[in-house]
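Going down the list, the protein sequences come from chains A and B. Going by this note's numbering, the letters in the first sequence line up with residues 749 to 965, in that order. Going by this note's numbering, the letters in the second sequence line up with residues 749 to 965, in that order. Even glycine gets a Cβ: it sits at the ideal position worked out from N, Cα and C. In this text the structure is predicted, and so the values were computed from the model without any measurement. A short worksheet on the structure shown next.
There are 2 protein chains.
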Amino acid sequence: MRPVRRQQLHENVARQLRALILEGALSDGDRIIETALCAQLNVSRTPLREAIKTLTHEGLIEHRPNRGARVTKTTAKEMRQLFEVISGLEMLAAETVAASIKQSEFKRLKSLHDKMAMHHTAGERDEYFALNHQIHLKIVELSGNPILIETHASLMTRARHLRYQALAGQDRWMEAMEEHNGIMKAFEAGDAALAGRLMKQHVRRTGEVVEATFPAP
Amino acid sequence: MRPVRRQQLHENVARQLRALILEGALSDGDRIIETALCAQLNVSRTPLREAIKTLTHEGLIEHRPNRGARVTKTTAKEMRQLFEVISGLEMLAAETVAASIKQSEFKRLKSLHDKMAMHHTAGERDEYFALNHQIHLKIVELSGNPILIETHASLMTRARHLRYQALAGQDRWMEAMEEHNGIMKAFEAGDAALAGRLMKQHVRRTGEVVEATFPAP
DNA sequence: TACGCCTAAATTGTATACAATATACAATGT
DNA sequence: ACATTGTATATTGTATACAATTTAGGCGTA
């Protein structure tokens, strides 16, 4: 039986803060006044400060000593750099997975892929995106490397609120689906090098599109 | 004029804690009693707890709610997984650097490399190690990707106190030097794919050796 | 003896109080 | 009017106090 999930206040606060940032209630560059947020969230400063520290490590918040915290201002360039690192990690994951994936795991992945393809043809944007994200996550998970999974997750948090923009254009949408098809084929063939190369290209390309469609400063 | 470095107490505490762990004053699995450490370090619990949170994010400490913190027990397997992720990141760095390194930067890197080779032939272990580490760091830095640099640094912290074991054997020492030679040649030739491949192999191999020489549980 | 239940001590989590630092703005002199 | 300094206010950093939870051990009972 799996152990009960023990919650700490600062975890909830961190989650809420993350949500506030990702959904835009707090926008880039906004200063975070501890006491004000405390009142709003109805917690004391201690757990809030712990949450701020957490988000700082995730890169969503910047914190200068004695000058308080601000929501990180993300530039187009940083976005590309972020996706570049993610591409390196997902490449590693894809290689590992392609080399060792079990039949049953592949089937499960394939079913996700097929479902995504369906939504793609149907033009159902939100469902397509959700599955896309799930697939990338699944592949990293299948690597079986907890450190890889955790590192990846942390970086993805920063990229997340931009995912919609990423595939905004119809062209890229088409292209991305094609790339996913290629990756699945490489998995099926057990071609690790190919799977890795394709995945890297795919993520990197996504990063480039995000960079291009980024709101000009 | 560059701004004065503003220190926070919890940063110093974090540094000291890290040192305590890396030099073995606190060993794997040791419980960390907050009040005891506070007395020892002469700070209150607040900054210590912040430091603990920092090291938790770095993976040096594990923290279960209401049950306190423990120094992470690192298994051989986790070490290999750690190096695997690092290999992915350094591969990315090597590729980027090989494709775009400037003459002056290459010269500086080469001089580090040559100095390392010297210490290698002279059998000066400590100096060799220090330079080895510096070179890997330098290559990642030259990528010019802050996110890559930071992610890499964070993972390296966990691998650091095991670096000595890693190249313990004379055989591996020889091998590693050879691999470094190959990487430098790839840089010189501007062959990104080769540099990346070699770097990945090099780091992965290091991880395997670390895993093998790991004290049995 | 082994097991469960209860209580006390230890320890961690959260809130608050106090100290240090930064920011904003007025007063002063040039 | 402008720059500079001094002072008040706001805000963050650290210490401490209090609450909640876990851990350890004693006691009785089967």
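Bridge partners - residue i, DSSP secondary structure assignment
i	result
A:I769	The partner list for A:I769 (beta bridge, DSSP) is empty, contrary to what the question assumes.
A:I780	A:A817
Continuous alpha helix (DSSP H) stretch holding residue i: start and end
i	result
A:E898	894–908
A:D939	Looking at the DSSP string, A:D939 is not in any alpha helix (DSSP H), and its letter there is neither H nor E.
A:F854	851–870
Where the beta strand (DSSP E) through residue i begins and ends
i	result
B:I809	809–812
Three-way DSSP call (helix, strand, coil) for residue i in this model
i	result
B:L774	coil
A:Q755	coil
A:S891	coil
A:V833	helix
B:T804	helix
A:I883	helix
A:S848	helix
A:V957	helix
A:V791	coil
B:F962	coil
A:N760	helix
A:A878	helix
A:V951	helix
Residue i: contacting residues in chain A (beta-carbon distance under 9 Å)
i	result
B:K933	Simply none; closest approach about 22 Å.
B:Q851	Those do not exist, as B:Q851 stays about 24 Å from chain A at its closest Cβ, beyond 9 Å.
B:N790	Residues of chain A passing the Cβ test: none, with the nearest at roughly 20 Å.
B:L808	Per Cβ cutoff of 9 Å: no residues; B:L808 is ~13 Å from chain A at best.
B:L879	By Cβ distance, chain A contributes nothing, its closest Cβ being about 25 Å from B:L879, past 9 Å.
B:T961	The premise fails here: B:T961 is roughly 19 Å from chain A at the closest Cβ pair, so nothing lies under 9 Å.
Partners in chain A for residue i, counting only beta-carbon separations shorter than 7 Å
i	result
B:K801	E798, K801
B:P795	Neighbours of B:P795 on chain A: none; closest Cβ ~11 Å, over 7 Å.
B:N760	Per Cβ cutoff of 7 Å: no residues; B:N760 is ~12 Å from chain A at best.
Closer than 7 Å at the beta carbon, the chain B residues around residue i
i	result
A:E889	Neighbours of A:E889 on chain B: none; closest Cβ ~14 Å, over 7 Å.
A:Q949	Result: empty, since nearest Cβ-Cβ is about 13 Å, beyond 7 Å.
A:Q756	P813
A:T954	Near A:T954 there are no residues of chain B at all, since even the closest Cβ is about 15 Å away, more than 7 Å.
A:L885	Simply none; closest approach about 16 Å.
Per-residue contacts from residue i into chain B (C-beta, under 8 Å)
i	result
A:L837	V833, G836, L837
A:H805	T802, H805
A:T738	There is simply no residue 738 of chain A to check, as chain A begins at 749 and stops at 965 in what is shown.
A:L765	Those within 8 Å of A:L765 in chain B number zero; the least Cβ separation is about 15 Å.
Within chain A, the residues that residue i reaches when beta carbons sit closer than 8 Å
i	result
B:I769	Per Cβ cutoff of 8 Å: no residues; B:I769 is ~18 Å from chain A at best.
B:N893	Q829, E832, V833
Chain-ordered neighbours of residue i on chain B, where CB pairs are closer than 9 Å
i	result
A:L896	Q829, E832, V833, G836
A:T820	Ordered by position in chain B, no residue passes the 9 Å Cβ test against A:T820, which lies about 11 Å from the chain.
A:T905	Near A:T905 there are no residues of chain B at all, since even the closest Cβ is about 12 Å away, more than 9 Å.
A:T823	Here the premise fails: no neighbours, minimum Cβ distance about 11 Å.
| query | Counting pairs of beta carbons, one from the region 875–890 of chain A and one from the region 817–837 of chain B, are three or more of them closer than 8 Å? | reply | no
| At least 3 beta-carbon pairs within less than 8 Å: the region 756–775 of chain B vs the region 860–873 of chain A | no
| query | Are the region 942–957 of chain B and the region 832–839 of chain B in contact at 8 Å, needing three or more beta carbon pairs? | reply | yes
| said: Is it the case that the region 928–944 of chain B contacts the region 852–861 of chain B, given that we only count it when at least three CB pairs across the two stretches are under 8 Å? | reply: Segments in contact, yes.
| task | Mind the definition here: the region 848–855 of chain A touches the region 955–963 of chain A only if three or more C-beta pairs lie below 8 Å; say whether that holds. | result | no
| field | Touch test, the region 794–802 of chain A against the region 754–764 of chain A, Cβ-Cβ under 8 Å, three pairs minimum | value | yes
| said: Any contact between the region 803–810 of chain A and the region 808–822 of chain B? By contact I mean 3 or more CB pairs, one from each, below 8 Å. | reply: Judged by Cβ distances under 8 Å, the region 803–810 of chain A makes no contact with the region 808–822 of chain B, as fewer than three pairs qualify.
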